[in-house]
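I have placed the structure first, in the form of structure tokens, so that the comments after it can refer back to it.
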Amino acid sequence: MAVSAPFNLLRQQGQESLSLPVGSYIYSLCQSGNDALAAISSDNSLRRIDRRTLKLLPDGLITDAHPGKSGGVTCVCPADQSVSTAGHLLATSGRDGTVKLWDSRAKGQGAVSAFLTGIDRNPALISLACNPGINSIVAGTELVSAQASLCFWDVRFPGVPRMQYVESHNDDITELRYHPIQSNVLLSGSTDGLVNLYNTTITDEDDALLQVINHGSIHHAGFIGEKAIYALSHDEAFSIHPFNDPDENIVEPAAIHFGDLRSTLSCDYAVDVSVDEGVYAVIGSTREQTLDLVPIVASPNFQFDRAKAWRLPGAHGEEVVRSVLLDNQEDSNSTEIETKIDPKPSKASQAVLSSRNRQKRKEKRHRDQRYKPY
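Residue numbering for the sequence shown follows UniProt numbering, beginning at 1 and increasing consecutively.
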């Protein structure tokens with residue numbers, strides 16, 4: 001079992017296949033305003049679904065979001081927080097080398113804005129972050145011609161980037177996150193093994209670099225509160241590091257290395273760390289057909305609180321979960337919402353997940369398989 005009993009069981013509230021084509025799988029989910037969720041999938045589509053029923057919304061399907069021979073949607077995130085747009089804007093990135101802005105009110109009109117990298121050979125964009133508070137969108141590229149780039153745009157001015165960082169990573173940039181409080185601080189992670197932090201108000205890349213963490217090929221990374229950074233590698237190694245604020249002259253605590261989560265938490269794979277409502281390590285077992293949310297607590301050092309873990313019995317069966325979204329709406333009847341690619345009835349026991357088709361899981365995920373099922 002993924003965690004020691006007893007643990008809390010979550011109950012399924014809904015299930016939808018989203019009418020995906022046979023063989024398709026879902027990459028990720030995100031909020032889309034107060035009443036909807038957005039999902040991107042391997043059929044190069046963007047879907048908006050009702051948060052409560054999980055049904056596809058009218059005019060909620062965008063097909064061929066990033067077209068072309070080398071196209072395909074890779075990431076999605078909310079792109080606005082203003083009262084005037086009220087959660088209608090979504091940003092997507094694609095293997096066609098573009099970021100697109102979609103407005104749910106512009107029914108059937110396609111993307112309302114497109115952002116180009118201006119880089120030769122038009123590298124695929126495989127990571128994306130939005131900071132609506134400062135009108136910023138940033139995307140990370142695959143390694144092309146020995147260069148991996150971070151491209152920044154002002155959402156109000158489509159076109160070529162306002163700024164680029166091109167020297168801090170020497171392999172695919174797989175993760176981007178903005179600091180939850182300091183809107184100028186950006187985190188990036190790469191298959192080169194590094195997690196970098198930048199002050200994005202500084203255009204000179206060397207001067208902008210605040211901190212470098214050497215962890216291993218980065219699958220996911222992000223912030224835990226204001227003062228900590230987590231890193232999860234493609235081979236499931238997990239660690240938590242202090243955020244070294246250059247404005248504070250204090251001795252930071254040492255990093256905590258948890259090792260391979262498959263051994264540490266007795267699971268088959270790690271999905272990510274969820275920080276939406278509390279902090280949870282999200283782990284899965286294809287053998288047990290379960291998904292667990294294990295709290296990460298600081299008392300005072302970070303550790304796993306296995307006694308308070310939540311379990312989704314059945315989860316997505318033998319398929320591997322790709323994304324988990326905690327629903328933080330006060331009127332929600334569920335803690336999570338689940339989307340599934342298999343239209344057949346499931347024994348899954350709660351509701352928000354996305355999954356990918358199951359194939360033999362390799363010890364380490366190669367970067368070329370990032371947008372393929374495994």
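Glycine included, C-beta positions come from ideal geometry on N, C-alpha and C.
Do you know whose CA, among the options, lies nearest residue i's CA?
i: Q109; options: S149, G60, T74 and G68; result: G60
i: D43; options: V22, D96 and S217; result: V22
i: S285; options: L312, P295 and C151; result: L312
i: V144; options: I119, M163, R162 and S168; result: I119
i: S239; options: N122, S299 and A281; result: A281
i: W153; options: E142, G72, T191 and A129; result: A129
i: V166; options: E142, T290 and S136; result: E142
i: E277; options: V297, T290, S104 and V76; result: V297
i: D35; options: G87, P161 and G193; result: G87
Flag this pair as yes or no: are the beta carbons of residue i and residue j separated by less than 8 Å?
i: T92; j: W102; result: yes
i: S45; j: A38; result: no
i: residue 376; j: V294; result: Since the first residue of the chain shown is 1 and the last is 374, residue 376 is not available in this structure.
i: D292; j: A309; result: yes
i: I218; j: V195; result: yes
i: G189; j: A146; result: no
i: R95; j: A65; result: no
i: A106; j: E175; result: no
i: K55; j: I62; result: no
i: L325; j: L29; result: yes
i: N170; j: A148; result: yes
i: R156; j: N135; result: yes
i: residue 375; j: L18; result: Residue 375 is absent from the model: the chain starts at 1 and stops at 374.
i: D80; j: P132; result: yes
Can you name the residues that DSSP bridges to residue i?
i: residue 396; result: This structure leaves residue 396 out entirely; the chain is present only between 1 and 374.
i: N8; result: W310
i: C267; result: DSSP lists no partner for C267.
i: D272; result: V282
i: D292; result: I283 and R311
i: A298; result: F302
i: residue 457; result: Here the chain comprises residues numbered 1 to 374, so residue 457 is not present and cannot be evaluated.
Are the C-beta of residue i and some C-beta of chain B separated by less than 8 Å?
i: V166; result: Absent from the structure is chain B; it holds one protein chain and no more.
### Query
Do three or more CB pairs link the region 218-226 to the region 252-268 at distances below 8 Å?
no
### Task
Could you tell me whether the region 205-225 touches the region 177-196, where touching means 3 or more Cβ pairs closer than 8 Å?
yes
### Message
In chain order, what are the residue ranges of uninterrupted alpha helix (DSSP H) at least 4 long that sit wholly in the UniProt repeat "WD" (87-103)?
### Response
none
#### Entry: Any beta strand (DSSP E) of 3 or more consecutive residues that is wholly inside the region 161-243
Those beta strand (DSSP E) runs which fall completely within the region 161-243 and span 3+ residues are 163-165, 173-178, 185-190, 194-199, 209-214, 218-224, 228-233 and 237-242.
### Query
On the three-pair Cβ rule with 8 Å, is the region 268-279 touching the region 241-250?
no
### Task
Identify every run of the beta strand (DSSP E) within the region 10-68, keeping only runs that are complete inside it and at least 3 residues long; order them along the chain.
If one requires a minimum length of 3 residues, the beta strand (DSSP E) runs lying completely within the region 10-68 are 26-31, 36-41, 45-50 and 56-62, in chain order.
### Task
Report the residue ranges of all beta strand (DSSP E) runs contained in full by the region 110-169; include only those spanning at least 3 residues, in chain order.
113-116, 125-131, 136-141, 150-154 and 163-165
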